[in-house]
Structure formats: structure tokens, C-alpha cells
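Each residue of the sequence shown is one higher than the one before, counting from 1121 in the working numbering.
Take a look at the structure set out below.
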Amino acid sequence: MTIQKTLSIIKPDAMKLKYSGKIIDFIEDKGFSVIAQKKIVLTKSQAEAFYSVHKERPFFYELVDFMISGPILVQIIEAKDAVSFYREIMGSTNPEEAEEGTIRKLYGTNIQCNAVHGSDSIENANIEASFFFSKLEMII
Ligand code: ADP
Ligand code: MG
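The structure is reproduced here in C-alpha cells:
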């Protein structure tokens, strides 16, 4: 039982549909604490850098265009085993395949517009948190 932090992003689709409040409630009801949060609009180069791991994938440019299409809400959230637990409650990448009761099943639209991002490893959680937040902003 380890307390960890992970990086969550409420993506432009869920922001436009005004699901951010519901998603924050959902996350907090599962026991997460929000450590830091900011609403931003990514530039193209920031989105390309954030998703650079996917730069060879066929959906990369569409993904970047989607991620810069409107405001996003970026959060550092904390809980027991936060990285794997958040991936679990997010559900599968494709909302159609996501388990009932997961964020993507409840609030996702399709495989691209799937409501949320969550870090996939402890190492990436640290890298992604530092991508968006300064050291000062991460201390609570
Ligand atoms: P996850 O977000 O579940 O970790 P990936 O890391 O594989 O999924 O993909 C990153 C993001 O790219 C997804 O959340 C989704 O927004 C988008 N994406 C993934 N696969 C596809 C696809 N086949 N077509 C369009 N967009 C996709
Ligand atoms: Mg991923």
C-alpha cells in the first residue's frame, strides 16, 4: 500500500460537454485527493511534446489537433496505488470497450474523444507532472 501521485487530464471533449465537475466528483468519491490543478489550452508544440511517444502512430496528428481544440483540466491526483488505480477507474482507451462504471464508459465519446488521460507508469507520472507543474505547484 503506497501513496502515489498520478497525472490526470480532463480532455477537450469532456470539458466541452461540461463533465469536468462530474469527473472530479467521481475521482474524489474513489478516494483521490486533488493536489494541483490548472485549466489550460495546449499549443500544438506542447501537445506534440506531451504525446511524443505516439509520434509514429497513425492517429498522432489527429490526437494533437483534438488535444489543442479547447481547454483541458490538468490535475495531479493522489491516492493509494494512484497510477494503476486511476487507470482502472478510467477504463479502456475505447469507451465502447470500457467496463461499466468507468470514467470513459460514462463520459467518453469514442476512441479519440475518451474524456480523460492518466499516466501509465510511476515514471511517466513523474515526467508528466513535471511537464505541467512547477516544483512549487506540486507541494501540498
Ligand atoms: P491511453 O490514453 O488509454 O493510455 P494510448 O496511450 O494508446 O491510450 O493513446 C493515447 C490517446 O490517443 C488515447 O487516449 C486516445 O485519445 C488517442 N487514441 C488512441 N488510439 C487511437 C485510435 N486508434 N484512433 C484515434 N485516437 C486514438
Ligand atoms: Mg497511454
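Ideal Cβ placement from N, Cα and C applies to all residues, glycine included.
Note that the structure is a prediction, hence the values are computed from the model and not measured.
Alpha carbon to alpha carbon, what distance is there between residue j and residue i?
i            : j            : result
residue 1172 : residue 1150 : 30 Å
residue 1156 : residue 1258 : 6 Å
residue 1175 : residue 1164 : 13 Å
residue 1208 : residue 1201 : 11 Å
residue 1229 : residue 1133 : 8 Å
Find the nearest neighbour of residue i within the set the options, judged by alpha-carbon distance.
i            : options                : result
residue 1153 : 1167, 1217, 1125, 1255 : 1125
residue 1160 : 1199, 1130, 1138       : 1130
residue 1192 : 1166, 1174, 1243, 1241 : 1166
residue 1196 : 1132, 1148, 1230       : 1148
residue 1198 : 1134, 1254, 1144       : 1144
Does the distance between the C-beta of residue i and the nearest non-hydrogen atom of the ligand MG fall short of 6 Å?
i            : result
residue 1201 : no
In the DSSP assignment, find the unbroken alpha helix (DSSP H) run with residue i in it and report its ends.
i            : result
residue 1167 : 1164 to 1170
residue 1225 : 1223 to 1227
Output yes or no for whether 7 Å exceeds the beta carbon distance between residue i and residue j.
i            : j            : result
residue 1186 : residue 1232 : yes
residue 1211 : residue 1225 : yes
residue 1190 : residue 1136 : yes
residue 1227 : residue 1218 : no
residue 1242 : residue 1184 : no
residue 1248 : residue 1127 : yes
residue 1158 : residue 1194 : yes
Closer than 6 Å to a non-hydrogen atom of the ligand ADP - does that hold for the CB of residue i?
i            : result
residue 1197 : no
residue 1166 : no
residue 1213 : yes
Would you say residue i reaches chain C, if we count a Cβ-Cβ gap shorter than 7 Å as a contact?
i            : result
residue 1233 : In summary, chain C is missing from the structure at hand, where a single protein chain is found.
Along the chain, where does the beta strand (DSSP E) containing residue i start, and where does it finish?
i            : result
residue 1128 : 1123 to 1130
residue 1238 : 1236 to 1238
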